[in-house]
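Novice: Every letter in the sequence shown is one number past the one before it in our numbering, and letter 227, counting from 1, is 227. Positions of the beta carbon are idealized from the N, C-alpha and C atoms, including for glycine. The model shown is predicted, which means the values in this text are computed figures rather than measured ones. There's a structure below that I have some questions on.
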Amino acid sequence: MTLRITVVGTGYVGLVTGVCLANSGHDVTCVDIDPVKIDLLRSGRSPIYEPGIEELLRTTLDRGTLRFATPNAGWRDLIGDVTFIAVGTPMSPSGAADLSQVRAAVSALCDAADRPFTLVMKSTVPPGTGATLTGRFLAAARHSIAYVSNPEFLREGKALEDWYHTDRIVIGADDPAAVMVMRALYEDIDSPIVVTDVASAETIKYASNAFLSTKISFINEIANLCDAVGADIDSVARGIGLDARIGPGFLRAGIGYGGSCFPKDTRALDFIATLNGYEFTLLKSVIDVNNRQRLLPVIHLARALPDLHARTVAVLGLAFKPDTDDVRESPAADIVPQLLEEGATVVTYDPVAAPIELPGARRAASVWDALEGASAAVIVTEWDEFIGLDWERVRSVMAAPGIVFDGRNCLDGATIEAAGLTYMAVGRRGAHRAHDRC
Ligand code: UDX
């Protein structure tokens, strides 16, 4: 069944949603208020770095099932039978999700609608948002508009894989007809469908990201304990991950999570809990652990190099994880200023990452330029380029003592040490610890 679909917002979520639904044969219009972005997309180029997205964009443009538009000529003719909201819900200083873009889009659509349609919230919005939007905007519209919560579970860098091979599709709706429309929309995706009410669907999204964040902060605390007692986090993670009730996923210790979702969604959930009179103690600890974990490299280097103020440190990796150019909430955004605070000279490098403001640090054009003369290197992002480095050559260009702090536990410590470098990591047996003299 081919549906007329509109996607409002062409960021990481909106563009993937529009391209994939067009690839499934639906008639899709993606709308954005940014004309530069719309022109770029019309020319078949993606404003985001996502493996495979440009090929699919060009295919669906050529097929004629995907088009792009701005709302400059009004919203009425842009509204599809199913209209997704996929605009940003960034974190505000209080931790609350900023819903201004969501409200603006929903209000414009409800004002302009000249016939019934299904409004699908794909953006991550706190539990209770659907009820508020329905009461404030949909109820006042001239035509019947059904509200559906359909949260996304897309990882950056693996978004297309996660779209077509998702573990579940969540549909939150009170109107059975809307549920039928959503089932038709996803009929080509072979995944379990969870049909529930709107508030539960909204909560599933936050609970999912909060639990994944909890796994990460848990394994990072265990890694810190491993460092103290001389255990090995790789063995411990494997040993617990084989328990089917725990599972191996999201047990990679390191300097913690970043990105546009986990930091934002854990803070927003904590805020919503507090707003509703509940003290989410565990979640607050997950957030606190993560905030501290990303500073481990600075703590270890300051202890190992008392004259850190006279040293140069290479920070390798600015993207919050590999296979993306996204630098939002990257650990580097905290590590670099702290190293500068310690008086170190800091040189950064990333093969892909988007520009990021790091006053006082120099951004090198190559990994070798960054490593030249550096007394220490911090692996912040586990890019293949860093994992595959010629460590003998690294030793020849770095200054003594040639510390490599592996913030993602992605390197082989024995290889690093065999090259005459000093290997530090997070909870790995055999790695140098902060108090070891280098
Ligand atoms: C996440 C969720 O996985 C996805 O379902 C949701 O829709 C959006 O948020 P994303 O933020 O793209 O996706 O990245 P993800 O691959 O989940 O990693 C998040 C962060 O956790 C990264 O900074 C990563 O380095 C870190 N991480 C992940 C760990 O530190 N350890 C792990 O074991 C896994």
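1) At the level of alpha carbons, what is the spacing between residue 248 and residue 237?
2) Considering Cα atoms alone, identify which of 311, 322, 107, 287 is closest to residue 158.
3) Determine the burial state of residue 327: buried for a count of at least 16 other Cβ atoms within 10 Å of its Cβ, exposed for fewer.
4) Could you tell me the boundaries of the alpha helix (DSSP H) in which residue 39 lies?
5) Look up residue 5 in the DSSP assignment and give the residues it is bridged to.
6) Any heavy atom of the ligand UDX closer than 7 Å to the CB of residue 321?
7) Name the DSSP bridge partner or partners of residue 117?
8) Give a yes or no on whether the C-beta atoms belonging to residue 49 and residue 324 are separated by under 8 Å.
9) So, residue 215 versus residue 90, is the Cβ gap smaller than 8 Å?
10) Going by beta-carbon coordinates alone, are residue 301 and residue 153 separated by less than 8 Å?
11) Would you decide whether residue 311 is buried or exposed? Buried here means 16 or more other CB atoms lie within 10 Å of its CB.
12) Would you kindly report the start and end of the unbroken alpha helix (DSSP H) that includes residue 214?
13) Return yes when at least one heavy atom of the ligand UDX lies under 7 Å from the C-beta of residue 49, else no.
14) Run the CB neighbour count on residue 210, radius 10 Å, all protein chains shown included, and call it buried at 16 or more, exposed below.
15) Looking at residue 55 and the ligand UDX, is the gap between the Cβ and the nearest heavy atom below 7 Å?
16) Keeping to the same chain, check which residues put their C-beta closer than 6 Å to that of residue 349; ignore five residues upstream and five downstream.
17) Are residue 398 and residue 431 closer than 8 Å when you measure CB to CB?
18) In its own chain, which residues sit with a C-beta less than 6 Å from the C-beta of residue 420, not counting the 5 before and 5 after it?
19) Pick from 106, 186, 44: whose alpha carbon is nearest that of residue 130?
20) Rounded to a whole number of angstroms, what is the C-alpha to C-alpha distance between residue 82 and residue 240?
21) Taking the alpha-carbon of residue 255 as reference, which of 229, 213, 413 has the nearest alpha-carbon?
22) With a threshold of 16 other CB atoms inside 10 Å of the CB of residue 336, please say whether the residue is buried or exposed.
23) Given residue 387, which residues of its chain have a CB within under 6 Å of its CB, disregarding the five upstream and five downstream residues?
24) Are there three or more Cβ pairs, one per stretch, closer than 8 Å when the region 109-116 is compared with the region 284-294?
25) Just grab the DSSP bridge partners of residue 405 for me.
26) Taking the beta carbon of residue 227 as the centre, do at least 16 other beta carbons fall within 10 Å, making it buried, or is it exposed?
27) What is the DSSP secondary structure of residue 278, counted as helix, strand or coil?
28) Hey, which unbroken runs of the alpha helix (DSSP H) at 4 residues or more fall wholly within the region 310-352?
29) Which same chain residues end up closer than 6 Å to residue 108 when comparing Cβ atoms and leaving out the 5 residues on each side of it in sequence?
30) Mind checking residue 151: buried by the 16 CB within 10 Å criterion, or exposed?
31) Going by C-alpha distance, which of 31, 145, 13, 22 is nearest residue 88?
32) Check residue 388 in the structure and name its three-state DSSP category.
Specialist: Working from what's here:
1) 7 Å
2) 322
3) buried
4) 35-42
5) 28, 82
6) yes
7) 145
8) yes
9) no
10) no
11) buried
12) 198-229
13) no
14) buried
15) no
16) 316, 364, 367, 370
17) no
18) 395
19) 106
20) 44 Å
21) 213
22) buried
23) 410
24) no
25) 378, 424
26) buried
27) coil
28) 332-341
29) 75
30) buried
31) 13
32) coil
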